[in-house]
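*Asks:* Supplied in structure tokens, the structure appears directly below.
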Amino acid sequence: MSVDFHSPSELLKQAIQKHQTVLKIIAGVFIVLGLYALIAPTAFALGIETILGWTLFIAAVTSFAHAFFIRHWRGVAYDLVNGLIFALIAFILLSNPLSGVISLGLIMAVIFGVDGVVKLIRLFTGKLTGSYRAMVAVSAVLSLAMALLMLWDLPKNAPIFLSVIVGINLIINGFGLWALVKAFSR
Numbered sequence: 001m002s003v004d005f006h007s008p009s010e011l012l013k014q015a016i017q018k019h020q021t022v023l024k025i026i027a028g029v030f031i032v033l034g035l036y037a038l039i040a041p042t043a044f045a046l047g048i049e050t051i052l053g054w055t056l057f058i059a060a061v062t063s064f065a066h067a068f069f070i071r072h073w074r075g076v077a078y079d080l081v082n083g084l085i086f087a088l089i090a091f092i093l094l095s096n097p098l099s100g101v102i103s104l105g106l107i108m109a110v111i112f113g114v115d116g117v118v119k120l121i122r123l124f125t126g127k128l129t130g131s132y133r134a135m136v137a138v139s140a141v142l143s144l145a146m147a148l149l150m151l152w153d154l155p156k157n158a159p160i161f162l163s164v165i166v167g168i169n170l171i172i173n174g175f176g177l178w179a180l181v182k183a184f185s186r
């Protein structure tokens, strides 16, 4: 019996070479979805919100099922509370999709705002030097600017910002995956 030991990078290369067609298809789907998000932001944002709503509904059903089928487990109350929270959020998202998109936009604005404030605190209290200090400063200002832009006219801007951010992320990930496949398929 022989055992073949490979380094992690060699195993990665073999896996990518074996599945390069599927990975290229996934990369292409990411790029196409990213472009769709940029071209039709409202429809894309409503799609994201609907998928999130159904995912939370499935999570609620799963939590309730776990609570009722495993009765002697100490976490039954936790599962019931989790299920109720998931069900409530799913109901809100699925019954009024636009309010869900606005809520997601508000959450994103808060995340950008907190990120900007934390970076400013780090900038003034940390021992950052040189170009790294400048990059943290620029990143803090951009995060705060994004938060303010999103809050400026939240109901109208929420689907646009949500779709643009997710769309750009999908495009970058798609091209990154494509480049990874190209690099290891030689």
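If you're matching positions, the sequence shown starts at 1 in the numbering used here and goes up one per residue. Cβ atoms here follow ideal geometry from the backbone N, Cα and C, with glycine treated the same way. All figures in this text were calculated on a predicted structure; none of them were measured in a lab.
Would residue 159 pass as a contact of residue 41 if the rule is Cβ separation under 7 angstroms?
*Replies:* Result yes, Cβ atoms of residue 159 and residue 41 sit closer than 7 angstroms.
*Asks:* Which ranges would you report for the alpha helix (DSSP H) in the stretch 71-109 if only whole runs of at least 4 residues count?
*Replies:* Those alpha helix (DSSP H) runs which fall completely within the stretch 71-109 and span 4+ residues are 76-95.
*Asks:* Any idea what DSSP makes of residue 19, helix, strand or coil?
*Replies:* Coil at residue 19, not helix or strand.
*Asks:* Under a three-way DSSP split, which group does residue 128 fall into?
*Replies:* Residue state, collapsed to three classes: coil.
*Asks:* Which term fits residue 150, buried or exposed, when burial requires 16 or more other beta carbons within 10 angstroms of its beta carbon?
*Replies:* Residue 150 comes out buried.
*Asks:* DSSP three-state label for residue 115, please.
*Replies:* Residue state, collapsed to three classes: helix.
*Asks:* Check whether the Cβ of residue 15 lies closer than 7 angstroms to any Cβ atom in chain B.
*Replies:* Included in the structure is just one protein chain, with no chain B present.
*Asks:* Residue range of the alpha helix (DSSP H) that residue 63 falls in?
*Replies:* Residue 63 -> alpha helix (DSSP H) spans 41-69.
*Asks:* Return yes when the Cβ of residue 167 is within less than 7 angstroms of the Cβ of residue 30, no when it is not.
*Replies:* Against a cut-off of 7 angstroms, the Cβ pair of residue 167 and residue 30 comes out as no contact.
*Asks:* Using three-state DSSP, classify residue 7 as helix, strand or coil.
*Replies:* Coil, per DSSP.
*Asks:* Comparing C-alpha positions only, which one of 115, 148, 155 and 47 sits nearest to residue 137?
*Replies:* Closest option to residue 137, Cα to Cα, is 115.
*Asks:* Taking the alpha-carbon positions, what's the residue 121 to residue 155 distance?
*Replies:* The straight-line gap from Cα to Cα measures roughly 30 angstroms.
*Asks:* Give, in chain order, every unbroken run of the alpha helix (DSSP H) that is at least 4 residues long and sits entirely within the stretch 124-172.
*Replies:* Listed in chain order, they are 130-152.
*Asks:* Counting pairs of Cβ atoms below 8 angstroms between the stretch 83-98 and the stretch 46-65, do you hit three or more?
*Replies:* At 8 angstroms Cβ cutoff, the stretches touch.
*Asks:* Would you mind sorting residue 48 into buried or exposed? The rule is 16 or more other CB atoms within 10 Å of its CB.
*Replies:* Classification of residue 48: buried, given that the 10 Å Cβ count is 16 or more.
*Asks:* From residue 157 to residue 72, what does the alpha carbon distance come to, in whole angstroms?
*Replies:* Residue 157 and residue 72: Cα-Cα distance of roughly 48 angstroms.
*Asks:* Using only CA atoms, which one of 13, 10 and 33 lies nearest to residue 169?
*Replies:* Residue 33 is the option with its Cα nearest to residue 169.
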